[in-house]
Every structure is written in C-alpha cells, then in structure tokens.
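>
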Amino acid sequence: MRSISSAHIQVRDVTKTYSGDGVGTTALENINVTLNKGEVTAIVGPSGSGKSTLLQVIGTLDIPTTGTIHYDEVEIGTLKRKRLADFRFDCIGFIFQQFHLLPTLTALENVMSPLLPRRVAYDKMSRAEELLGWVGLEHKRTALPSQMSGGEQQRVAIARALVNQPSWLFADEPTGNLDTSNGEMVFQLLRKYQKEYGSGIVFVTHDQHLASQADRLIEMRDGRVISDVPKGWHA
Ligand SMILES: Nc1ncnc2c1ncn2[C@@H]1O[C@H](COP(=O)(O)OP(=O)(O)O)[C@@H](O)[C@H]1O
Ligand SMILES: [Mg+2]
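Set out below in structure tokens:
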C-alpha cells in the first residue's frame, strides 16, 4: 500500500467565519495548535465553542477563512480538489455522532464503500471483512443499519473510517448517542487503533471520563483554545 503518513498537523493562525444572512459568526479565532501522530487528543468545551468547526477544518472537510494547516510539509490549502480528495482518502478517517451509515447497504458493504471508487493494492472485500472483524462484528456482515444497535452501528462506522488505514482519525462526539458501556467500547477501539497503527486520534467529547483517558486535552471556549494540557496531565 502507498504509505502517506504525516507525523504532525500544524494549525497556524486559523480563523473561521461563517457569513450567512448578512450576519457573520466567528466560529474560530486565531487557533494555533500542533497535533502529534501516536497521540489520542480530546477536545472539550461548551456547545457552540467551535469544536466541530475545528475538527472539520483540521480534517480537510472545510476550509479556514484565514490561516494554514500543514500535514508535515504539505499545506492543505495548496492542494487542488482531486489531490485533496486523494490525500483525504490516504490519510484521514472521520466518524460522527450520528454514524451516517448508508441505510440500504449491509454492514460489510458500508465498510467497503469508501474503497469502491478507488484503486488500491489490496483485495477490497478481504480488507472490509478484516476491519469488520477488527471491531468484533463479523457476525453482522449482512445486517442493515436498521438491524443493529447504536453501538454496533458506530463500530461499523469506525471500521469504514479505518478501512484504508488512515494515519489520522477524527471523531466528532462519537459516543454522544451511546450509553456508557457502548461509549467506552467505542473509545477502546480508538485507543486500540492508536496503539496498533501509531495513528493520531482527535475526538470531541462531552464525557469527562473519556476525556480523562486521552493523552492530551484541548479545551475550547468562544472559538479559542483556552487550555491545552499534554500527556500526564491527569494525576
Ligand atoms: N454552517 C454554519 N453556518 C453558520 N454558523 C455556523 C455553522 N456551523 C457552525 N456555526 C456557528 O459556529 C459556532 C461554532 O459551532 P460548532 O463548531 O458547531 O461548535 P461546537 O461543535 O463546539 O458545538 C457556533 O456559533 C455555530 O452556531
Ligand atoms: Mg459540535
């Protein structure tokens, strides 16, 4: 497999302003942060503080109004649409609170779906089966999302996000719709991926207990990072 993997993401002087209805909303104000591969980073903060916007801008799903984002030496803002799509496929996985599985596809088809339009150097079906097994759901391969619990659906979404083994995984409140034990299971899968693949994991959460298990805690308020505490912060 072509190996593109970046060790750091550098966010420099990033702002994001939404201008709808003639009223501008500043979602991000002058964010400067460096994320390290091999770490699990939690982002916390009140609703509306810019957590999702930051994750989307860092994860290349949205573009900043000003500032730059580098994955090692690659400045994301300089990539043309096609190269950005390739870069995202090679480097980035995303999961969301609402799972966003395709309702008419089985678990296995959902996991395989990102690979279908792509040329890859491995067998797509075996890879998808491998990932479904990795999240402990090989027995659900033919189940539709409507036939699975919330926790199972999120594990399928995780398998789909990881199917091309990205070096970065971004998760926006991945446990927000789950009970405590399913939330813990999801967190343990993120941790397992970081351990086995040395990937960088960045997740937004309102769950203090999960946040306390991260290697690093970034706290946001009003579009700014108000604290950034590295490994070992929890005594
Ligand atoms: N697409 C959008 N258009 C206009 N305003 C937005 C949009 N997305 C987010 N915002 C605003 O940006 C701010 C940050 O939102 P968000 O990043 O979703 O915060 P959080 O994820 O911390 O709840 C909020 O004031 C929100 O209303
Ligand atoms: Mg949000």
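Using numbering that gives the first Met the number 0, read the sequence shown as starting at 0 and increasing by one per residue. Note that beta-carbon positions come from the ideal geometry of N, C-alpha and C, so glycine has one too.
#1: Start and end of the beta strand (DSSP E) containing Lys15?
#2: Check the DSSP bridge columns for Phe169 and list the partner residues they point to.
#3: What ranges does the beta strand (DSSP E) occupy inside the stretch 68–92, keeping only unbroken runs of at least 3 residues that lie completely in it?
#4: Counting only the same chain and skipping the five closest in sequence on each side, list residues whose C-beta sits under 6 Å from that of Thr24.
#5: What residue range is occupied by the uninterrupted alpha helix (DSSP H) comprising Ala41?
#6: Counting along the chain, where does the beta strand (DSSP E) carrying Thr105 start and finish?
#7: With three or more beta-carbon pairs closer than 8 Å as the criterion, would you say the stretch 150–160 touches the stretch 176–195?
#8: Would you call the stretch 138–148 and the stretch 61–75 touching, i.e. three or more CB-CB distances under 8 Å?
#9: Looking only at its own chain, which residues have a Cβ that is under 8 Å from the Cβ of Ser48, when we skip the five neighbours before and after it?
So, to answer that:
#1: Lys15: member of the beta strand (DSSP E) spanning 7–19, first to last residue.
#2: DSSP, once it has assigned bridges, lists Phe93, Val201 as partnering Phe169.
#3: If one requires a minimum length of 3 residues, no beta strand (DSSP E) run lies completely within the stretch 68–92.
#4: Result list for Thr24: Tyr17, in chain order.
#5: No alpha helix (DSSP H) contains Ala41, which is instead part of the beta strand (DSSP E) from 39–43.
#6: Per DSSP, Thr105 belongs to no beta strand (DSSP E) and is neither H nor E.
#7: Yes, they touch.
#8: Contact fails: fewer than three Cβ-Cβ distances are below 8 Å.
#9: Within the same chain, Ser48 has close Cβ partners Met219, Arg220, Asp221, Gly222.
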